[in-house]
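>
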Amino acid sequence: MFLNLRLMLVSVLFLSLGSTSARGVASLDTLNDGRRNITDGQMLVSAGGSFTLGFFSPGELNRRYVGIWFSASMDAVVWVANRDSPLNDTAGVLEIDGAGRLFLLDGSGLTVWSSNTTTGGSGTPSSAAAQLLESGNLVVVRDDDESNGAVLWQSFDHPSNTLIAGMRLGRNPQTGAEWSLRSWRSPDNPATGDCRRAMNTRGLPDCVSWRGDAKKYRTGPWNGLWFSGVPEMASYSDMFTNQVVVRPDEVAYVFNATAAAPFSRLVLSEAGVIQRLAWDGGSRVWNVFAQAPRDVCDDYAKCSAFGLCNVNTAATLFCGCVQGYVPVSPAHWSMREAAA
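Per mature numbering (1 follows the signal peptide of the UniProt record, and there is no 0), the sequence shown runs over residues -22 to -1, 1 to 318.
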């Protein structure tokens, strides 16, 4: 996926104005009273330089989006604001108001996208700021002396097709809020696609991939160290720590990176494949570290009840019956419909 990013010279000049985060002063990573908006060609860059927020086009130049990507790899987009409502030109503006609401406006001043910022019952803030953190999280916080920087909204609560360190995959049992991945429609179209990756929170938690209404893959339940169907998770514990949080207001999978770990991301593809990609800074490429499903036998219920799957028996559709059982429908079996 190639991003036609308009990185104009004015952006560089704009971003060189200053780096202080004091209220009312322009900062590289923040929208606040000192700078209320950015236009197409301008950017926010996290304090350590790991992430960039700006306008981009993944394919056709007449479709513009606001997103966050790894600064080292502009095609590695981790979040898209207006994925289902692209701008038609380069006249877009992203701005924040005093109440902490983010708005993406087109050239006519019409709202294309907005955040669902809430005050959490603490009253409307007199001032608010949006900051791109070094974690890749865009957070909106109260920017007054009384609030101590209370978070009003964050992009980590609204994933696109990518999970990065510190993000959650799961749900809040009390409110019903869910943090799940939704695939892009195609490699050059970030609109909501057919595939979804979510946490099953009934019983022992596990992660499930769906294509439409059909369940396509599951990790197996969490055993306290890894998902039972993904034992190789233990082999990269030196780079990533994996955790399932279970508490009244949250059941979620979270991974974090160790200090020595490269940049990494979990991406749900348009075909429903989940890949863990790791950044090789030397060759400047993303290497596939792991993926699921790994083969046809990883497909959910590939051989139905009491069926056995073997990747080396393609002649019989990879499926056989447990000893003592026969196909329920020999006719379906002969037509290579092993799940019937």
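A virtual CB, placed ideally from N, CA and C, is assigned to each residue, including glycine. Predicted model only: the values in this text are computed from it and were never measured.
For Thr95 versus Gly78, is the C-beta spacing smaller than 9 Å?
Within the sequence shown, the letter at position 117 stands for residue 95. Within the sequence shown, the letter at position 100 stands for residue 78. In this structure, Gly78 lies closer than 9 Å to Thr95 by Cβ.
> State the Cα-Cα distance for the pair Ser307 and Arg196, rounded to the nearest angstrom.
For the purposes of this step, residue 307 is taken as the residue at position 329 of the sequence shown. For the purposes of this step, residue 196 is taken as the residue at position 218 of the sequence shown. Distance between the alpha carbons of Ser307 and Arg196 is about 26 Å.
> Quick one: give me the first and last residue of the beta strand (DSSP E) that Val266 is part of.
Here residue 266 refers to the residue found at position 288 of the sequence shown. Counting along the chain, the beta strand (DSSP E) containing Val266 begins and ends at 263 to 270.
> Measuring CB to CB, does Leu244 end up less than 9 Å from Leu111?
Walking along the sequence shown from the start, residue 244 turns up at place 266. Walking along the sequence shown from the start, residue 111 turns up at place 133. Against a cut-off of 9 Å, the Cβ pair of Leu111 and Leu244 comes out as no contact.
> For a test of the three-state rule: what should DSSP assign to Asp135, helix, strand or coil?
Taking the first residue of the sequence shown as 1, we reach residue 135 at position 157. In the three-state reduction of the DSSP assignment, Asp135 falls in the helix class.
> For Pro151, which option in Pro226, Met145, Val117 has the closest C-alpha, if you only look at C-alpha atoms?
Locating residue 151 in the sequence shown gives position 173, where the first residue counts as 1. Answer by Cα proximity: Pro226.
> In terms of residues, what are the limits of the beta strand (DSSP E) holding Pro168?
Here residue 168 refers to the residue found at position 190 of the sequence shown. Segment 167 to 178, the beta strand (DSSP E) holding Pro168.
> Starting from Gly298, trace the beta strand (DSSP E) in both directions and tell me its first and last residue.
Counted from its first residue, the sequence shown places residue 298 at position 320. Secondary structure note for Gly298: its beta strand (DSSP E) is the uninterrupted segment 297 to 299.
> Indicate the three-state DSSP secondary structure (helix, strand or coil) for Ala309 in the structure shown.
By 1-based counting over the sequence shown, the position of residue 309 is 331. Note: Ala309 maps to helix in three-state DSSP.
> Suppose you measure from the CA of Asn66 to the CA of Arg41; what does that come to, to the nearest Å?
Sequence index remark: in the sequence shown, residue 66 carries index 88 (1-based). Sequence index remark: in the sequence shown, residue 41 carries index 63 (1-based). Answer to the nearest angstrom: the Cα atoms are 5 Å apart.
> Residue range of the beta strand (DSSP E) that Ile252 falls in?
Locating residue 252 in the sequence shown gives position 274, counting from the first residue. Segment 252 to 258, the beta strand (DSSP E) holding Ile252.
> So is Ser35 buried or exposed if we call it buried at 16+ other beta carbons inside 10 Å?
In the sequence shown, the residue the question calls residue 35 occupies position 57. Label assigned to Ser35: buried.
> Between Val222 and Val274, what straight-line distance do the alpha-carbon atoms span, to the nearest angstrom?
Walking along the sequence shown from the start, residue 222 turns up at place 244. Walking along the sequence shown from the start, residue 274 turns up at place 296. Rounded to the nearest angstrom, the two C-alpha atoms are 27 Å apart.
> Given a threshold of 16 other Cβ atoms within 10 Å of its Cβ, counted over all protein chains shown, does Leu(-18) qualify as buried or as exposed?
Locating residue -18 in the sequence shown gives position 5, where the first residue counts as 1. In this predicted model, Leu(-18) has a pLDDT of only 43, less than 50, meaning its place in the structure is not dependable enough to derive any value.
> Could you tell me the distance, in whole angstroms, from the CA atom of Pro305 to the CA atom of Cys185?
Reading the sequence shown from its first residue, position 327 is the one you call residue 305. Reading the sequence shown from its first residue, position 207 is the one you call residue 185. Roughly 29 Å separates the two Cα atoms.
> Please report the straight-line C-alpha distance between Met(-22) and Asp121, rounded to a whole angstrom.
The residue you call residue -22 lines up with position 1 of the sequence shown. The residue you call residue 121 lines up with position 143 of the sequence shown. With a pLDDT of only 44 at Met(-22), under 50, the local geometry of the prediction cannot be trusted, and the value read off the model is given with reservation. Approximately 37 Å, taken between the alpha carbons.
> Quick check on DSSP: helix, strand or coil for Glu156?
To locate residue 156, count along the sequence shown from 1; it is residue 178. Note: Glu156 maps to strand in three-state DSSP.
> Considering only the alpha carbon of each residue, which of Ser242, Ala249, Glu248 lies closest to Ala256?
Mapped onto the sequence shown, residue 256 falls at position 278. If we check each option's Cα against that of Ala256, Ser242 comes out closest.
> I'd like the span of the beta strand (DSSP E) that includes Cys275, first residue to last.
Here the question's residue 275 lines up with position 297 in the sequence shown. It is not in any beta strand (DSSP E) - Cys275 carries neither H nor E in the DSSP assignment.
> Which two residues bound the contiguous beta strand (DSSP E) that contains Tyr195?
Taking the sequence shown and counting its residues from 1, the one referred to as residue 195 is at position 217. Looking at the DSSP string, the run of the beta strand (DSSP E) that includes Tyr195 is 192 to 196.
> Between Pro168 and the rest of its own chain, which residues show a CB-CB distance below 8 Å, the 5 nearest in sequence each way excluded?
Along the sequence shown, read from residue 1 onward, the residue named residue 168 stands at position 190. Result list for Pro168: Pro36, Tyr43, Gly45, Val55, Val58, Arg61, Ser138, Asn139, Trp162, in chain order.
> I'd like the list of long-range same chain contacts for Val224, defined as Cβ closer than 8 Å, with 5 residues on each side in sequence excluded.
Within the sequence shown, the letter at position 246 stands for residue 224. Excluding sequence neighbours, Val224 sits near Pro183.
> Hey, quick one: how far does the beta strand (DSSP E) through Trp47 stretch, first residue to last?
Within the sequence shown, residue 47 is the residue found at index 69, counting from 1. 43 to 48 is the span of the beta strand (DSSP E), which, as asked, contains Trp47.
> Grab me the residues of Tyr303's own chain with a C-beta within less than 6 Å of its C-beta, minus the 5 sequence neighbours each way, in chain order.
On the sequence shown, residue 303 is found 325 positions in, with the first residue counted as 1. Closer than 6 Å at the Cβ level, and outside the excluded window around Tyr303, lie Phe284.
> Below 8 Å on the Cβ atoms is my contact criterion, and I expect Phe218 with Ala235 to pass it. Report the Cβ-Cβ distance as a whole number of Å.
Within the sequence shown, numbered from 1, the residue matching residue 218 stands at position 240. Within the sequence shown, numbered from 1, the residue matching residue 235 stands at position 257. Contact holds; Cβ gap of about 6 Å.
> Going by DSSP, what residue range makes up the beta strand (DSSP E) through Leu246?
Translated into positions along the sequence shown, residue 246 becomes position 268. Taken as a continuous stretch (DSSP letters only), the beta strand (DSSP E) holding Leu246 covers 242 to 246.
> With DSSP run on the structure shown, which of helix, strand or coil describes Ser105?
Indexing the sequence shown from 1 puts residue 105 at position 127. Three-state result, Ser105: coil.
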